[in-house]
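Visitor: Protein sequence lines, in the order shown, are assigned to chains A and B. 8 is the number of the first residue of the first sequence in this note's numbering; add one for each residue after it. 1384 is the number of the first residue of the second sequence in this note's numbering; add one for each residue after it. Don't be surprised by glycine CBs; every beta carbon is placed ideally from N, CA and C. Got a structure for you, written out below as structure tokens; questions coming shortly.
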Amino acid sequence: MIESHLSLLIVVLPLLAAPIIAALPNGRTPWLVSTLVCWSVFAMACMQLINVNTGNVISYELGGWAPPWGIEYRIDATNALVALIVSAIAAVTLPYALKSVASEIPKKQHSLFYAAFMLCITGLLGIAQTGDIFNLFVFLEISSLSSYALISLGKQRQALTASYQYLIMGTIGATFFLIGVGLLYAMTGTLNMMDMAQRLPALYDHRTIHTAFAFIMVGFALKLALFPLHIWLPNAYTYAPSVVTVFLAATATKVAVYVMLRVIFSVFGFSFIEKTPTDELFLILCVAGILMMSFYAIHQHDIKRLLAYSSVAQIGYMMLGVGFGSALGLTATLVHLFNHALMKGALFMAVGALVYRVGSSRLELCSGLGKQMPWTFAAIVIGGLSLIGVPGTAGFISKWYLVLAAIEKQNWLIVAVILVGSLLAVIYVWKIVEVLYFKPAEENNVHSSVNEAPLMILIPTWLLVLANLYFGFDTDITVGTAQQAVQLLLPGASQ
Amino acid sequence: MELIIGHFNYWMVIIIMMAGFYTVISRGNLVKKIAGLNIFQVSVFLLYISIGNVKEGATPIIEKGVLLYSNPLPHVLILTAIVVGVATTSLGLALVIRIKEAYGTIEEDDIHSQDQSL
């Protein structure tokens, strides 16, 4: 019974939990309920991934209406991997949230905060699960609206302007997507992605299809903060409450990258993309993004903002794989989706621990704290190594596949850019390490009494840190699933 | 002539869309930006509704003797999008109220200079 409705339950459970949580009294209950919901969603996402990892495709008909008329949830290895990333990060973030939210958000807003958090999870999981392109738009807006609300809860007043800026840009992006979907519907008469994919090849040369494609690409480039459409991201990540930053940094942009993959490879097909300058454009924007954003990251004075700029650069690495359009490139993209969620999750959690103790993530206020908070500091170091791509960490695996893909295409410039990008990452990670550990604590330091973060914050952080190390050695789950997914995204491509 | 009259709706969509988009980009007043965003979204609603029209098609209610109906699906889709638009607008305006409380102004330049002077 439950087995056959798994695909829907993953989305519906947090959706139903949201209003219930909003009605609960403030205190620990909202947190407890959301944690339980997230862990059960995580368990279901694991089961789902095991079901499809053999090459199966689950097709779930909502309300018993057969596709293409009804909404279909179509789960293959790609969706299942993305749903697993979202639910796993949610499951790890929530235990962390208890202390962090208590210190950063007024108590009277707690149940509403967790309700909004549940809605955000619903939206992101919905995007991952659905096979209907208009349904995807609705879930996109559910997740976006709740994340605007979550970001505006930050302590500083800049959180409000950051959220406003994101709202304007996010809505423009979503509306562009909506225009694209409308034009596609006008041409094909269907909203089901698989059905659309079958009807599109006959219309490849039609100008409306090209317009629709352009609108969808620009819309989602805004959503995933592809350079130069990233302006909303650094502010939003810097001023949002720590928990929200952890969750959004690890999931929201990843889900947007997934939509790009789905639209480019499953709906339009790469043979269409090759006729347009899209793939070259992606490569150029990614290269510019990786280099410029890494330079920006080096010059930041706030750890959260530094990591936010690094996130924009990392999105460049993910989209490089899409630009290559080869099996290796896509494998690198999917593996990096997973690994980047782990490393940025771990890093932002560790920075959240600093914020919990010090109340700020500004570099000059954190000098010398590494000695007082050794576990938090160690988490930042390992997360940073993974970000650089040092062998033995998860980051190395994704960089390895990316470099292989670039070599396969004989694109030496991009090989060089990936290596230079990693060197720049060494500089900005070193900048944090230097301030935290080697800079002596200032005289009359108000933080001299600061000690290690509480266990409720350290344990989830270290779970992600250890995952970074584990997936640096065992690549069966990440690379295995990614290769399975690539076979469905790029039929006929040999591994 | 056919190009203008026959595609009247689509021309209007483009004009409204550009007017709204330009307002979002050019205005510094946060409420005006939201208004521009609204106009921008309305143009998309109009686009969807126009797509649904079938030449000489009847209202999509089953009736004897009528064979050609307009497509009702885009209208239903756009109902959802209208709801989304209402939610976005209200959230945006709520944010503007909070910004006014925190900064005492809703002009983008003033807010920016207040943040810089910190």
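Need the endpoints of the alpha helix (DSSP H) that I1434 (chain B) sits in, please.
Guide: Residues 1413 to 1435.
Visitor: How long is the line joining the alpha carbons of L443 (chain A) and G377 (chain A), rounded to whole angstroms?
Guide: Each residue's alpha carbon lies about 5 Å from the other.
Visitor: Quick one: what's S118 (chain A) bridged to in DSSP?
Guide: Bridge partners of S118 (chain A): none, in fact.
Visitor: Tell me which same chain residues have a C-beta within less than 8 Å of the C-beta of G487 (chain A), skipping the five on either side of it?
Guide: Within the same chain, G487 (chain A) has close Cβ partners N60.
Visitor: Can I17 (chain A) and L132 (chain A) be called in contact, C-beta distance under 7 Å?
Guide: Contact flag set, yes.
Visitor: Please state the DSSP three-state secondary structure of A1441 (chain B).
Guide: Of the three classes helix, strand and coil, the one that applies to A1441 (chain B) here is strand, per DSSP.
Visitor: Note down the Cα distance separating G1403 (chain B) from A232 (chain A), rounded to an integer number of angstroms.
Guide: So the alpha carbons of these two residues sit roughly 23 Å apart.
Visitor: Is the beta carbon of A304 (chain A) closer than 7 Å to that of S405 (chain A)?
Guide: In this structure, A304 (chain A) does not lie closer than 7 Å to S405 (chain A) by Cβ.
Visitor: Check each candidate in A:I92, A:R164, A:Y121 and name the one with the smallest Cα separation from P21 (chain A).
Guide: Minimum Cα distance to P21 (chain A) is reached at A:Y121.
Visitor: Between the C-alpha atoms of S66 (chain A) and L174 (chain A), what's the straight-line distance to the nearest angstrom?
Guide: Their Cα atoms are separated by approximately 34 Å.
Visitor: For the beta strand (DSSP E) that contains Y211 (chain A), what are its first and last residues?
Guide: That residue, Y211 (chain A), is in no beta strand (DSSP E); it is neither H nor E in DSSP.
Visitor: Would you grab the beta carbon distance between V358 (chain A) and L314 (chain A) for me? Rounded to a whole angstrom, and I think it's under 8 Å.
Guide: Right, their Cβ atoms sit about 7 Å apart.
Visitor: Leaving out five residues on either side along the sequence, give the residues of the same chain with a beta carbon under 6 Å from the beta carbon of T195 (chain A).
Guide: If we look at T195 (chain A) and ignore the five residues flanking it on each side, its Cβ neighbours are M203, R206.
Visitor: Using 8 Å for Cβ pairs, my map puts R81 (chain A) next to G138 (chain A). What's the rounded Cβ distance?
Guide: So it is a contact: roughly 3 Å between Cβ atoms.
Visitor: Do you know how far the Cα of M380 (chain A) is from the Cα of H347 (chain A)?
Guide: Cα to Cα, H347 (chain A) sits roughly 24 Å from M380 (chain A).
Visitor: Could you pull out every residue in the same chain whose Cβ sits closer than 6 Å to the Cβ of L495 (chain A), ignoring the five residues on either side in sequence?
Guide: The residues are D83.
Visitor: Look up S11 (chain A) in the DSSP assignment and say whether it is helix, strand or coil.
Guide: Here S11 (chain A) sits in helix by DSSP.
Visitor: Using a Cβ distance threshold of 8 Å, determine whether the stretch 166 to 180 of chain A contacts the stretch 1432 to 1440 of chain B, with at least three qualifying pairs required.
Guide: Not touching, per the Cβ criterion.
Visitor: Going along chain A in order, which residues have a C-beta closer than 7 Å to the C-beta of T1463 (chain B)?
Guide: The contacting residues are V145.
Visitor: Note down, one range per segment and in chain order, each beta strand (DSSP E) of at least 3 residues found wholly within the stretch 88 to 139 of chain A.
Guide: Qualifying beta strand (DSSP E) stretches: none in this window.
Visitor: Could you check if H1495 (chain B) is buried or exposed, using at least 16 other CB atoms within 10 Å of its CB as the buried criterion?
Guide: Answer is exposed; the Cβ neighbour count stays below 16.
Visitor: Please state the DSSP three-state secondary structure of I1489 (chain B).
Guide: Coil, per DSSP.
Visitor: Tell me which residue opens and which closes the beta strand (DSSP E) that E415 (chain A) is part of.
Guide: Premise fails: E415 (chain A) lies in the alpha helix (DSSP H), 401 to 415, not in any beta strand (DSSP E).
Visitor: Can you give me the C-alpha to C-alpha distance between Q502 (chain A) and M267 (chain A), rounded to a whole angstrom?
Guide: Bear in mind that a pLDDT of 44 at Q502 (chain A), under 50, signals an unreliable position, so the number given afterwards is only what the model happens to contain. Roughly 22 Å between the two C-alpha positions.
Visitor: With P467 (chain A) and V108 (chain A) assumed to form a contact (beta carbons below 8 Å), what rounded beta-carbon distance in angstroms separates them?
Guide: Rounded, the Cβ-Cβ distance is 13 Å, inconsistent with contact.
Visitor: What does the Cβ neighbour count give for L147 (chain A), buried or exposed, with the cut at 16 atoms within 10 Å?
Guide: Looking at its Cβ environment, which holds 16 or more other Cβ atoms inside 10 Å, L147 (chain A) is buried.
Visitor: So, under 8 Å CB-CB, A295 (chain A) and L497 (chain A) are touching, yes? Tell me the CB distance rounded to an integer number of Å.
Guide: Rounded, the Cβ-Cβ distance is 26 Å, inconsistent with contact.
Visitor: Counting only beta-carbon atoms, is L207 (chain A) nearer than 7 Å to chain B?
Guide: No, because no Cβ of chain B sits closer than 7 Å to the Cβ of L207 (chain A).
Visitor: Looking only at its own chain, which residues have a Cβ that is under 8 Å from the Cβ of S1453 (chain B), when we skip the five neighbours before and after it?
Guide: Result list for S1453 (chain B): G1435, N1436, V1437, G1440, A1441, T1442, P1443, in chain order.
Visitor: Output the distance between the C-alpha atoms of N418 (chain A) and P102 (chain A), rounded to the nearest integer angstrom.
Guide: Whole-angstrom Cα-Cα distance: 44 Å.
Visitor: At what residues does the beta strand (DSSP E) containing S66 (chain A) begin and finish?
Guide: First-last of the beta strand (DSSP E) with S66 (chain A): 65 to 68.
Visitor: Taking all protein chains shown into account, do 16 or more other C-beta atoms lie within 10 angstroms of the C-beta of S278 (chain A), making it buried, or fewer, making it exposed?
Guide: The residue in question, S278 (chain A), is exposed, as its Cβ has fewer than 16 Cβ neighbours within 10 Å.
Visitor: Anyone know if the C-beta pair for A135 (chain A) and A90 (chain A) falls short of 7 Å?
Guide: In this structure, A90 (chain A) lies closer than 7 Å to A135 (chain A) by Cβ.
Visitor: Quick one: any contact between the stretch 146 to 163 of chain A and the stretch 1469 to 1485 of chain B, if contact means 3 or more CB pairs under 8 Å?
Guide: Yes: at least three Cβ pairs fall under 8 Å.
Visitor: Excluding the five sequence neighbours on either side, which residues of its own chain have a C-beta within less than 8 Å of the C-beta of K438 (chain A), listed in chain order?
Guide: So the qualifying residues of the chain are I305, L313, L370.
Visitor: List, in chain order, every chain A residue whose beta-carbon is nearer than 9 Å to that of A1418 (chain B).
Guide: Those do not exist, as A1418 (chain B) stays about 12 Å from chain A at its closest Cβ, beyond 9 Å.
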